[in-house]
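Per my numbering, numbering of the sequence shown is gapless, rising by one per residue and ending at 435. Quick notes on the structure that follows.
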Amino acid sequence: MPDQTPILLRGRLLDFSACPAGPDDTEAYSYEEDGALLIEDGKIAAKGCYQDVVSACAEGSARIVDHRPHLILPGFIDTHIHFPQAQVIASWADQLLDWLNDYTFPEELKFADLAHGTRIAKGFYDALVAHGTTTAVAYCSSHPASVDAYFKEAERRGMLMLGGKTMMDRNAPAALCDTAQSAYDDSKALLETWHGRGRAHYVVTPRFAITSTPAQLEVAGTLRREHPECHLQTHINENPNEIALTGELYPDAAHYLDVYESFGLLGPKTLLGHCIHMTGPEMRVMRETGSVAVFCPTSNLFLGSGLYDKAGLEGAGIRTAIATDVGGGTSYSMLRTLDEGYKILQLQRQRMHPLTSFYWITLGNAQALSLAERIGTLQPGSDADVVVLDARATQPMALRMETVETLSEELFLLQTLGDDRTVVQTYAAGTPQKN
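Next up, the structure:
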């Protein structure tokens, strides 16, 4: 739970209010060379120039933590990750469907055991905070015990986390499958237990059309209608074989997205992982429903899935987010994710400015989650989820920093060479998470 002792973090503050068009777009971001954050009761109480903030505090009322010369930003947000795949990451595989059958499903069977889930949850959260991530949206396994393990660890650390039980009633091992009714009952019970408890947000989670019957997608839609305050997550258009099999299973659907639309699964709180092979009609539906297209660059490269068209999606008026997708994704680091995403976009001549990159993994992802009033920002009143970054953390980075002259250059260095060694400290609701 949040530390009740007020603390004042001193360092170089970078915060966003919109997606910057470039370094001259100072209305979209703020940078304070000698800045301070005052944190009280898990919230940001004040932000600004160090002298102004410290002068407004009663003498001795806050413990000062001096992070100079490091950068202080909002904690990173990961919008698509698989909690049960912590021991699947870096498994040699072919493409998506082989990956699921050879590695993912056998591993997820272990999460029927709460003790196993509890042990993995600690390591999973350790990896997140080591890489500066303070909020993630996770798929748990089909077992309610996995959801309990996931949210209990988040509660212990005081972290704002989203997640839910994976719903799947076909095309998977029998011991991993639920039914339409049991998926509804389990999800409903878990939602009522966890959603709104502390900082927990429950997510209705049908894995994807291939592993859910029409009856199960129907109950997923029912849950969404009964609980509009909750998010819904699933996968779409990741791999050509996946798309073809979905067409066979749902022959009456006009396209892949039509499967989800027909069951009422789309809306502003719907997170659709991958969205690589999108058709024109699907993009129109995405725009009309306000659903979010989640970019998973390291996973898309690792499984040979294809190239995400950020410019095409955003040009069509579609909301976007970016994520690690561990364990198909190959790093818990949002910095490594930005680096691989940059390369994918470069292949399509979509050059992404480093200020845009850091906006995306903070406020941009918070806006995609409809949670920008709480996370992804350093504004007073928001939750005190913060990351501190050292652009000289390694010898190659320190050598490069000798010639860095601008904030944008420093950010690009961080996203290109940074990893967990770059993260000096991660704060969740004001509480330090790294030992």
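Glycine included, every Cβ here is placed at the ideal spot set by N, Cα and C. Please read all numbers here as calculations on a predicted model, not as lab measurements.
**Item:** Proximity of residue 495 and residue 294 at Cβ, strictly below 8 Å
**Value:** Because the chain spans 1 through 435 in this model, residue 495 falls outside it and cannot be assessed.
**Prompt:** Should residue 378 and residue 372 be called a contact, given that it needs their Cβ atoms to be closer than 8 Å?
**Reply:** Not a contact, by the Cβ cut-off of 8 Å.
**Asked** Counting Cβ pairs closer than 8 Å, one from the stretch 341-348 and one from the stretch 38-53, do we hit at least three?
**Response** no
**Asked** In three-state DSSP terms, what is residue 252?
**Response** Here DSSP, grouped into helix, strand and coil, assigns residue 252 to coil.
**Prompt:** Buried or exposed: residue 64, going by 16 or more other Cβ atoms within 10 Å of its Cβ?
**Reply:** exposed
**Request:** Report yes if the CB atom of residue 187 is closer than 8 Å to the CB atom of residue 168, and no otherwise.
**Result:** No; because the gap between Cβ atoms is not below 8 Å, this pair is not in contact.
**Request:** Taking all protein chains shown into account, decide if residue 399 is buried (16 or more other Cβ within 10 angstroms of its Cβ) or exposed.
**Result:** exposed
**Request:** Quick one: residues in its chain with C-beta nearer than 8 Å to the C-beta of residue 176, no 5 flanking neighbours on either side, listed in chain order?
**Result:** 105, 108, 109, 141, 142, 168
**Message:** Does residue 3 come out as helix, strand or coil in the three-state DSSP assignment?
**Reply:** For residue 3, the predicted structure reports a pLDDT of 47, less than 50, and the residue's modelled location is therefore unreliable. A value from the coordinates is still provided. Of the three classes helix, strand and coil, the one that applies to residue 3 here is coil, per DSSP.
**Request:** Leaving aside the five residues before and after residue 325 along the sequence, list all residues of the same chain whose C-beta is less than 6 Å from its C-beta, in chain order.
**Result:** 80, 296, 299
**Message:** Give me the DSSP bridge partner(s) of residue 295.
**Reply:** 322
**Prompt:** Okay, do the stretch 147-163 and the stretch 118-126 touch, 3+ Cβ pairs below 8 Å being the bar?
**Reply:** Three or more Cβ pairs drawn from the stretch 147-163 and the stretch 118-126 lie within less than 8 Å of each other, which places the two stretches in contact.
**Request:** Return helix, strand or coil for residue 164, following the three-state DSSP convention.
**Result:** strand
**Asked** Is residue 303 closer than 8 Å to residue 92 when the C-beta atoms are compared?
**Response** no
**Three or more C-beta pairs below 8 Å linking the stretch 410-429 and the stretch 389-397** = yes
**Message:** Which residue marks the beginning of the alpha helix (DSSP H) containing residue 51, and which one marks its end?
**Reply:** 50-56
**Message:** Buried or exposed, going by whether 16 or more other CB atoms sit within 10 Å of the CB of residue 1?
**Reply:** Model confidence at residue 1 stands at a pLDDT of 43, short of 50, so the residue's coordinates are unreliable and nothing is read from them.
**Request:** Assign residue 206 to one of three DSSP states: helix, strand, or coil.
**Result:** strand
**Asked** Using CA coordinates, which residue listed in 28, 260, 82, 264 is at the minimum distance from residue 228?
**Response** 264
**Prompt:** Is the beta carbon of residue 384 less than 8 Å from the beta carbon of residue 165?
**Reply:** no
**Asked** Measuring CA to CA, which of 37, 22, 27, 30 is closest to residue 8?
**Response** 37
**Request:** Sort 402, 22, 16 by Cα distance to residue 32 and report the nearest one.
**Result:** 16
**Message:** Is residue 417 close to the ligand ATP? I mean its beta-carbon at under 7 Å from any heavy atom of the ligand.
**Reply:** Judged by which ligands are present, the structure shown has none, so any question about the ligand ATP falls away.
**Asked** What are the residues that DSSP puts in a beta bridge with residue 425?
**Response** 388
**Request:** Go ahead and label residue 3 buried or exposed: buried means 16 or more other beta carbons lie within 10 angstroms of its beta carbon, across all protein chains shown.
**Result:** Below a pLDDT of 50, predicted positions are generally treated as unreliable, and residue 3, at 47, falls in that range; the measurement from the model is reported next regardless. It counts as buried.
**Request:** Kindly indicate the opening and closing residues of the beta strand (DSSP E) around residue 133.
**Result:** 133-139
**Asked** Does the separation of the CB atoms of residue 359 and residue 20 fall below 8 Å?
**Response** yes
**Request:** Assign residue 178 to one of three DSSP states: helix, strand, or coil.
**Result:** For residue 178, the three-state secondary structure derived from DSSP is coil.
**Message:** Just to confirm, is the Cβ distance from residue 239 to residue 96 under 8 Å?
**Reply:** yes
**Request:** Taking residue 222 as part of the alpha helix (DSSP H), name the residues at either end of that continuous run.
**Result:** 214-226
**Item:** Neighbour-count burial assignment, residue 456, 16 or more Cβ in a 10 Å radius
**Value:** Outside the shown range of the chain, which is 1 to 435, sits residue 456, and nothing can be said about it.
**Asked** Can you tell which of 314, 57, 72, 279 has its C-alpha closest to the C-alpha of residue 35?
**Response** 72
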